[in-house]
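For the sequence shown, the residue numbers in our numbering are 24 to 511.
Cβ atoms here follow ideal geometry from the backbone N, Cα and C, with glycine treated the same way.
Okay, so here's the structure we're looking at.
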Amino acid sequence: MNSKTFLRTFLAVLGATVFFYGFSSVGTLAYTKIVSPVKQFKENTYIGPFDVRGLDEHGAKDKLAGDFAELHGKLGAELTYQDSTVELPSELITYDVDRTVDRAVPGEENPIIAEVSQEGLRTVLDQHFSHLNWTDDDVETVSKGIESKLESGIVPVNVHITDFLDSTFGETEVASFAIEGIQFSSALEQLANEIDGTAIEFNTAFSIMEFAKMDETVTATNEDLTLLASALYGAVLRTNLDVVERNIGNALNPVVPAGFEAAINQQLGLDFVMRNPNHTPFRIKMEVTGDRIRAALVSLPLQYTYEPYVAKTEKFNPRTVRRYSASVPIGQVQHADEGRDGMEVTVNRQVLDDGTVVEDEPVSSDFYAPVPIIEVHPLQQQSDNDGTGADGDGGEIDNSEPLPDTNGSTNGSSNSSNGSGPSSSNGTSGTGSNERNSGNGSTNGTSNGASGGTGNDSNTKPGHTNGKPYVPPVDDGNRYDKGGNLIK
């Protein structure tokens, strides 16, 4: 090959090389510029909380790589299921820079693309919530839900697992409470049937009084609503539902277990109100069988078990109040009120995790004041005991009750009111004797001759003033009022 041929061949190869290189370079540049241009992020472009305005996609990826590394380092993610919260390990979460930038739209707020390891998530769910049967579809649904919560890039983040599960997932009866020995009224039975199936949604309160008002055809008594509320209260204490309002009555209904009363008083506005803090609805079941009412709550199973119990019961004996009246026969004692024992009941609640007590918390302390026994004694007995109470036992004396106007007799049992004969021993009064027992019932009917028939006007009878028995003072060192009562 001569030099000319070599030169022509060399120039041809060089030209072809330059041509093809130039074509490929220009073609690539043209393709990049026209068909697939480099993304430029203009003003007001954010990816999560990160500002990428003024950057192209390459610059944005470089910036986000550092931002995501910092975000991952301080990531705090919690998983909440009903009444339990656990930490989600950060190593199960991966931020995808390339996909995040590729999907970002200039001039808008864009989400962060995060991926959650489904295998690792299943391990966490099986470890902490083993009482639930997690399928592959359940795990995938929860992982997608967690990824959606991570899109904002705001940490820490709390993820409620139940937000991404079907409301009937594993639904069961989580708590119940029954009251027996009830005599059902038609109103109570009707309300129990109507409340059955009522759903309490997330962060929603439920009021017994408000529910009862919804049916104007039912007229329920306070006792009816108290039994309904008490059954429901007993079930609520076995869950993590909040008790917003709960009251007790002056006396405990005998069929309601002590410590578990939820009294309703429509006139005073005393209600029973509860609230659902869970992200799943709770449905009320109310069953009436025979003399028994049973309340139950249906929802997804709770992580913890709640067991209320009576921690302490203290009883208080009633005091005795003695009153004196001319209407009570001598030697007898009448009971105006039999009284009632008082009681204080303290209720606590244990919170258990798989049978292990993790907390023992106070719930309530209910105090029912004792009702005093009220005895009514004859007036003479008060005088004989000289203000010390019946039989000298030091009981409390209550002279606040006004004495009846007997005009010298008690309930017409006196033989006479003019001193014509001895009075009976059943509490009939005498005729104004100046003895200390006068006006309280005399046992001999004598009055120093001063009570013989002096007329029928009680105002003119000896021993009476304005129609009231009057005992003139005697020199025994004591003072008496117009009713013959000892003034201490």
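Between residue i and residue j, what straight-line distance do the alpha-carbon atoms span, to the nearest angstrom?
i           : j           : result
residue 108 : residue 262 : 16 Å
residue 233 : residue 356 : 48 Å
residue 240 : residue 221 : 19 Å
residue 450 : residue 402 : For residue 450, the pLDDT reaches just 39, beneath the cut-off of 50, and the residue's location in the model is therefore unreliable, leaving the point undetermined.
residue 130 : residue 96  : 28 Å
residue 272 : residue 209 : 23 Å
residue 173 : residue 180 : 7 Å
residue 305 : residue 260 : 14 Å
residue 207 : residue 314 : 7 Å
residue 335 : residue 369 : 5 Å
residue 170 : residue 106 : 22 Å
residue 86  : residue 111 : 26 Å
residue 71  : residue 135 : 6 Å
residue 63  : residue 157 : 44 Å
residue 128 : residue 144 : 31 Å
residue 74  : residue 61  : 18 Å
residue 386 : residue 189 : 33 Å
residue 76  : residue 167 : 29 Å
residue 415 : residue 394 : Low confidence applies to residue 415: its pLDDT is 39, below 50, so where it sits in the model is not reliable enough to give any reading.
Between which residues of its own chain and residue i is the CB-CB distance below 6 Å, once the five residues before and five after are set aside?
i           : result
residue 98  : 113, 178
residue 229 : 223, 297
residue 124 : 80, 83, 84
residue 186 : 302
residue 381 : 374
residue 366 : 338, 391
residue 512 : Because the chain is modelled from 24 through 511, residue 512 falls outside the range shown and cannot be assessed.
residue 122 : 136
residue 22  : Coverage of the chain is limited to positions 24 through 511, which leaves residue 22 absent and any answer about it impossible.
Check each candidate in the options and name the one with the smallest Cα separation from residue i.
i           : options            : result
residue 310 : 357, 148, 199, 116 : 199
residue 147 : 256, 101, 119      : 101
residue 308 : 323, 269, 260, 255 : 255
residue 265 : 162, 291, 226      : 226
residue 375 : 89, 368, 383       : 383
residue 359 : 176, 367, 366, 347 : 347
residue 317 : 72, 218, 238, 286  : 218
residue 328 : 353, 291, 288, 378 : 378
residue 342 : 396, 352, 171, 392 : 396
residue 258 : 367, 319, 151      : 319
residue 345 : 398, 216, 245      : 398
residue 288 : 321, 278, 251      : 251
residue 115 : 104, 139, 145, 363 : 139
residue 281 : 371, 247, 155      : 371
residue 165 : 183, 150, 154      : 183
residue 274 : 238, 364, 322, 188 : 364
residue 400 : 352, 283, 118, 76  : 352
residue 194 : 235, 154, 247      : 154
residue 204 : 192, 276, 196, 149 : 276
residue 293 : 333, 279, 246      : 246
Mind checking residue i: buried by the 16 CB within 10 Å criterion, or exposed?
i           : result
residue 303 : buried
residue 126 : exposed
residue 331 : buried
residue 339 : exposed
residue 326 : buried
residue 28  : exposed
residue 361 : exposed
residue 176 : buried
residue 159 : exposed
residue 388 : exposed
residue 142 : exposed
residue 291 : exposed
residue 433 : Any reading at residue 433 must be qualified, since the residue scores a pLDDT of 36, below 50, and its modelled position is unreliable; the value itself is stated next. When all chains shown are included, residue 433 counts as buried.
residue 90  : buried
residue 216 : exposed
residue 249 : buried
residue 354 : exposed
residue 478 : Any reading at residue 478 must be qualified, since the residue scores a pLDDT of 40, below 50, and its modelled position is unreliable; the value itself is stated next. The residue is exposed, with fewer than 16 neighbouring Cβ atoms inside 10 Å.
residue 243 : buried
residue 349 : buried
residue 267 : exposed
Given 7 Å as the limit, tell me if residue i has its C-beta closer than that to any heavy atom belonging to the ligand GDP.
i           : result
residue 369 : Absence of the ligand GDP is noted for the structure shown, with no ligands found whatsoever.
For residue i, collect the residues of the same chain with a Cβ closer than 8 Å to its Cβ; drop the 5 residues on either side in sequence, then sort them by chain order.
i          : result
residue 88 : 120
(message) Extract the residue ranges of the alpha helix (DSSP H) inside the segment 300-370, only unbroken runs of 4 or more that lie entirely within it.
(response) none
(message) To test your reading of the DSSP string, which unbroken alpha helix (DSSP H) runs of 4 or more residues are found completely within the segment 240-299?
(response) 245-259
(request) Mind listing, in chain order, the continuous alpha helix (DSSP H) runs of no fewer than 4 residues lying wholly within the segment 167-238? (result) 209-218, 231-237
(message) Which complete alpha helix (DSSP H) runs does the segment 110-168 hold, if anything under 4 residues is left out?
(response) 120-126, 141-151
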